[in-house]
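Here is the structure we will look at.
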Amino acid sequence: MPPSEPTAPHFRKPLLETPFHARARELSQIDQFVPWAGYNTVDVFTTVEQEYFAIRNASTLYDLTPMVKYRVAGREALEFLNRLVTRDLRKLRVGRVSYVVWCNDRGHIIDDGTVFRLAATEFRLCTAERQLDWLLDSAIGFDVEIAEVTTDIAALAVQGPTSCYILKRFGLEGVERLKVFEIGEFSVRGRPLTVSRTGFTGDLGYELWMRPADAVAIWDELMAAGRTRGLRAIGSQALNMARIEAGFLMPNIDFMNAEHTVRLGRGRSPLELGLGWLVDLDKPHFNGRRALIAERRAGSRRLLVGLDVAGNKPAHNALLYAEEAGRREVGSVTSALWSPTCKRNIALAILEAPHFAVGTTLWADIYLNRELVWERRMAKCRVVEKPFFAPERRRATPPADR
Amino acid sequence: MSATAGTRRYDCIIVGAGHNGLACASYLARAGRSVLVLEANERVGGAAITREFAPGYRVSAGAHLLNQLPRALSAELALGEHGLEFAAQELPTTAIASDGAPPLPLGAAGDAPLSALSPRDAAAYPAFRARLGRFAKVLYPLLDSIPPRLGTSDWGDRLALVKLGWRIRTLGRRDMRELLRVIGMNAYDLLSDEFETPRLKGALGVDAVLGTNFGPRAPGTVLTLLNRLAAESAAGPMPLAQPKGGLGALSDALARVATAAGASIRTGARVASIRVVDDRVAGVTLESGEAIDAARVISSADAKTTFLKLLGPRHLDTGFVRRVDHIRSAGLAAKLHLALDRLPTFPGLDRARLGGRLLIAPSLDYIERAWNHSKYGGYSPAPMLEVTVPTVNDPSLAPTGRHVLSAIVQYVPYETRNGWAADRAPCLEGLLALLDAHAPGLGASVTAAELRTPADLAHEFGMSGGHWHHGELAFDQFYMVRPVPGAAQYATPLAGLYLCGASCHPGGGVMGLAGRNAARAVLRGAA
Amino acid sequence: MGSTTGASGDRNDVVIIGAGHNGLVAACYLARAGLKVQVLERNDYIGGAAVSRKLYGDFTYSNCSYVCSLLRPEIMRALELPRFGLQVIPYEGGCTMMRDGGHLALYDNHDALRREIARHSPRDAEAYHRFSTDVIRQCKFIKPLLMREPPDPTSFKPRDLMELLYLGQRLNSIGEDRMYDTIRFWTMSAADFLDEYFESEIVKAHFAGSSIIGTALGPRSPGTAYVLLHHYMGDIDDTVGAWGFARGGMGAITAALTASLEASGGSVRTGAAVEQILVKNGRTTGVALASGEEINARLVISNMDVKRTFLKSMAAEHLPADFLTAVRRFKIRGSSGKLNIALDGLPRFPAIPEGSPCIRGDLHLTDSLEMMERAYDDWKDGRWSQAPYVDMLIPSQIDPTMAPDGKHYMSVFVQYCPYELADGPWTAAKRKAFGDTVIDAIARQSPDFKSLILHAEIRTPWDIENEVGLTEGNIFQGELTMDQLLFNRPVPGFAQYRTPINGLYMSGSSTHPGGGVMGAPGANAARRVLRDLGRAS
């Protein structure tokens, strides 16, 4: 039984616990947990404000273990992955990470994730959802082995302006030399550790991959190392705020796995999601390529964009209109946030052509609960460039120490 | 065969010189395309070949009768002028028995033997044949056309659907209702509703399940029956024919047509892969390593072989590959070839009927039980047989005075639980015993015997699963979804690659329509 | 002797033959529309095949149908069945026990289910998502068709053409890929369909179960994927949680319907066996009971199956020859049996883990498609399955009204059991042998099972026909095969609840959309009647 497997049978406790679960329980003040990819994980430890500001102004520890991980290895592992995802992975050097999306035949996104090139013929694919079925069917005709290794690897995200300092102090000598999307192999007090300079906050940060048996000790040592740098454990809510500021997309929020949509027209292509920069039409055939070429030729019918919304009320789930009278519906908000760092009311929204050009003015239909009285407000919005927040420090190598 | 090698670039390369490949080549060459046909074997014909299976004894190694070749197609291609001759035409079909019962002729109305068995059946039979005949005529144009796509905004597709609906309406309300009812039925029920004579029902049931992986109780077997009858309706009122020299003679004639039209044919040239440049077909590479360029490649190999082996999944999308991978193509029809030192005697059978098509399928339950074994990895100890003695009409196939028996044996699985190494001998022994029971003394007259399991046929003819139709013929693999959505109009997701074999609409049987429809699709795509 | 419930008067607008659930549903709708409705039931109890019977001690048997899954929510709402006492308790899963001691359970919780399937195949655990998505896509397409009249494709009437257009547009709206999927889904065998998703034999066997229940087909017969879907229909959208036990047994459904009917002024008369549907000049005038009594009505609705209605309850001379032939050729095949067992305690099933809630769901013993297909082979040869497929439930675990404290009622649905045996008619000895086969099969998974049996009611198709009046004991009043669905059900040209006899309608499961305790045929028939009376709603 893997160490993360709880002792209660799955029909009594359907959710798994990560190796950090005991620590999470200790630190959780309000017992606010949410399921994530089959694990019981922390939504909020203390207050979401405290946790959010730690991301931007100090450092944070986030349990990343539930992220679904596959080991992809074999003679044609590269060819397999390159046919799977839209980016050209032939350019991905050993020791580097790539953010990728992959599509179905219609060119609609199935999932996004990261590919780690651990060796010439060995990769790790991190995904939001489990999809062995799709991966194995995609492997027909390739000499490649695919296995889920989620429970074999515990993972922590250390993110925030002081994260590099904390990791150095924890014992990761030379971690400051890691560039964005680079992988480093370390050993700290006899415990092997893989570190990638990746993250979901849009800030300076790292992700640590370790053996489950080492997980608790590493957590404790990191917390000790970070005491003077404001390190705190955070839950998913705070992370979600940061990722909206960074303009990152969340599966099942900003798009759905096209293979799991029931209704026609709910699939989204990378072009529609503004991820055209991830689509490399010049590489050999990949899933959805022909559909994407056709879409590029005909022009996308919709686009996911950033919105700057008037006022300070987040435009959660708002429908968007072309004019204030609210007659012509042109899209809807997928993620919304009052950004504490930018002091702007921001949103991600999917818009129909031709309303998605930067600078376009739209109107968001926002419903406000004001002491149990609902009010409706048409808020003026403007289509803006993403990301909303991208501090220089996220790329600085070496990063600052404080 | 002519071997025009060269480094020139062709408009079209056709993979496989089976009858569909050759028909397609002929139409394309006639339309002015430069065409090269590549055949892996040393001879053209694919599964329509005549082969020596014992010294001096030759047999049609795959299909052994011609019943579905549309007259229009053979006239268009002038097969007669190119050497196709018939040893016999308008062959009769007879259901034979081992229990001493007289043979039961099928076909002509009001046959005395049927009247003797059941006046009711004898009375019902002509009306039944006529009704199915009307259905078949209405359905035939379906076989002879490129299936439409659904849900597109293409008016051609919509028109095709409307025409199909209209054609069915022309049957009149009564027939239309009946067609829409029976088309989803199983043969067992349809025949049991109409008739009471087990052997009549069994014999009629053969046409519903021959070449399929279904027993007569399986819904959809009326569809396969109608598909066959539709094809036969265009082949003539009594469509069963035996080419002189075996089915290979048809292929030879088709090859002459193609060559005369300007196509080149190379035999012994096995295509190893289809080459792709810039996401479109560039040509093929032979097993020898030789590369030949072409703007279009039209594969008469089955869909699985074409997409998964010759092209390779990496040029296709996962969803499409998944569909191809799911094509059901396990064959259940084996071939039995016997060399006989004398003419077999089936009691009560005159020479004319002996030269026809003989069926061993005493009842629908018999067929259904024969199928049962194959579901669990066994061969049928009491199989259904379609038997011919081609030397009755064509003595050239055997040494003087000697004879050949060719039979389609159903149900024999691609692989058995025990493996064919262990099962081959007992299976063959059982077959000989069964035949001997129908033609006493036949067993003793056998000088050589060859049992070709679906695995053998798969190997010989390069068809995955050894399925006659290059994939099961059933509603879920029929017409607009045959072989898979995305390749049902002969064109494939890869620009320049087409299919023209039996895995396409309208399926197997020596019909040539898949080849002709594919040629139309190629020419349409080029226009 | 029979009795009449509710108000009874002299002149009836409508007489409905058979107080099964569909007859009652039709009656309720018509009574609510202000018609005077009289339901006639041959038996001394109401419910047809949806009954709760006390046949042994203080045990309540749902001795025919046994699961409340398909009852359309729009019917429950319109007829206010919860107000009239219907309570449904959802299943807590389901389980197939394996011959090697293993098991596959189904759990409501998504994560528990994934981990359960992953025990057998990690890949299948994730393929399940694709499977359920595809099934839901198809259900969403089909669901609205259930409560509509199928159009006659041969007709040029505006209504039929509009309905065909509606169908075409609906199909078109699901997109090209899904249309092909729909074609394939409706025509594939369950085995082939499941092969496209799963690799684990036990997973396939578990899901294939619902594709054969009530049909004379095996999992490898084309068309069974649709039957699988037919049973899934209870699982989507507004019917979430619809798979469940009716508290008080299946009779609770028909009891609630009866209460609803009476509240609208209709009545049910039991012990009133209809001998003949009276026809005069091509028009029905009412019915004649076995007692000789004649009951007149403007309209008659037969809730009996189509064979019983036209071949046994009226003179052939009233019907066109083509129609009669078609009725004769309509396939209604007995393929299932039923055991109702009173138990002295809860049997142990060592294969099911301690504490697993799946025991409060449907339990099965068939762990491979081959085992299931072989069970069908037996039926084809005219004998009951030697290793039958069973669908077992122990509702008394959560419904105390079904058995005395500490004791249990077990419902065992058995597939396959022929109506006619190859070796001659059913006898008491054969019935017992059939029951023993089933009990032995269960006992192989439950060592103490036999010792707990207090009483077992064994019902063959022959028994069900004789008691309930369903031809051949077929639970769907006709096979759900391609040739007997939509506009072909029950007779091409008569798929719209009307018959060749003016004033005579059909409301049973022989009509579209078929069987299961769904109520849709009854509701559709009522709508047709009202439309014909110019009272379209």
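Residue numbers (the numbering used here), protein chains in the order written: chain E, 1 to 402; chain A, 1001 to 1527; chain X, 2001 to 2537.
Here a beta-carbon is modelled for each residue, glycine too, at the ideal position from N, C-alpha and C.
- X:S2411 sits away from X:R2348, with the two beta carbons spaced by 8 Å or more.
- Separation of the CB atoms of E:W102 and E:L156 is rounded to 26 Å, and the pair is thereby denied contact status at 8 Å.
- Between E:A353 and E:L307, the C-beta gap is not smaller than 8 Å, which leaves the two residues out of contact.
- Within the model, the alpha-carbon separation for E:V262 versus A:Y1411 is close to 40 Å.
- Runs of the beta strand (DSSP E) lying entirely within the segment 1441-1472 of chain A, each at least 3 residues long, are 1446-1452 in chain order.
- A distance of 8 Å or more separates the beta carbons of X:A2403 and X:A2443.
- Within 10 angstroms of the beta-carbon of X:K2338 lie 16 or more other beta-carbons, which makes it buried.
- Where A:G1283 is concerned, the enclosing beta strand (DSSP E) starts and stops at 1280-1286.
- With distances taken between CA atoms, A:G1525 lies nearest to A:L1028 out of A:G1021, A:A1101, A:T1416, A:L1028.
- For chain E, none of the residues of the segment 2053-2077 of chain X brings a beta carbon within less than 9 Å of one of its beta carbons.
- X:I2174 and X:W2186 have their C-alpha atoms roughly 15 Å apart.
- Under the Cβ distance rule, E:E79 counts among the residues neighbouring chain A, one pair being separated by less than 8 Å.
- The shortest CA-to-CA distance from A:M1185 to any of A:Y1498, A:F1320, A:R1177, A:V1222 is the one to A:V1222.
- Contact between the segment 2044-2054 of chain X and the segment 2276-2296 of chain X is not established, with fewer than three Cβ pairs separated by less than 8 Å.
- Contact with chain E is absent for A:L1132, since none of that chain's Cβ atoms lies less than 8 Å from the residue's Cβ.
- Contact with chain X is absent for E:G299, since none of that chain's Cβ atoms lies less than 8 Å from the residue's Cβ.
- Between X:G2519 and X:N2022, the C-beta spacing is below 8 Å.
- Taking every protein chain shown into account, the CB of A:W1166 has fewer than 16 other CB atoms within 10 angstroms, so this residue is exposed.
- Straight across, the Cα-Cα distance linking X:S2356 with X:E2472 is about 38 Å.
- At a cut-off of 8 Å between C-beta atoms, X:P2219 does not count as an interface residue with respect to chain A.
- Close CB contacts of E:Y206 within its chain, under the 8 Å cut and outside five residues either way in sequence, are with A157, V158, Q159, S163, C164, L167, V175, L178, V195, S196, R197, T198, G199 (chain order).
- In the DSSP assignment, X:F2413 is bridged to X:K2338, X:D2391.
- Between X:S2507 and X:G2515, the C-beta gap is not smaller than 8 Å, which leaves the two residues out of contact.
- At the C-beta level, X:G2334 and X:P2461 come within 8 Å of one another.
- Contact between the segment 2432-2439 of chain X and the segment 2362-2373 of chain X is absent: fewer than 3 CB-CB pairs across the two stretches fall below 8 Å.
- Under the 8 Å criterion on CB atoms, X:S2173 is classed as interfacial with respect to chain E.
- Here the C-alpha atom of X:N2303 lies approximately 15 Å from the C-alpha atom of X:V2327.
- Judged by pairs of C-beta atoms under 8 Å, the segment 366-383 of chain E does not touch the segment 1259-1276 of chain A, as fewer than three such pairs exist.
- Residue state for A:L1332 is assigned as coil, using DSSP reduced to three classes.
- Contact annotation: X:A2225 and X:E2479 have beta-carbon atoms that are not nearer than 8 Å.
- In this structure, the CA atom of E:P387 is about 45 Å from the CA atom of X:F2193.
- At a C-beta separation below 8 Å, E:E259 has these neighbours in chain X: R2130, T2133.
- For a cut-off of 8 Å, the C-beta gap from X:A2256 to X:L2086 is around 4 Å, short enough to register as a contact.
- With respect to chain X, the C-beta atom of A:G1471 has no partner C-beta closer than 8 Å.
- Contacts with chain E (Cβ-Cβ distance below 8 Å) from the segment 1302-1325 of chain A involve L1308, G1312, P1313, R1314, H1315, L1316, D1317, T1318, G1319, F1320, V1321, R1322, D1325, listed in chain order.
- With 16 or more other Cβ atoms from the protein chains shown falling within 10 Å of its own Cβ, A:N1041 counts as buried.
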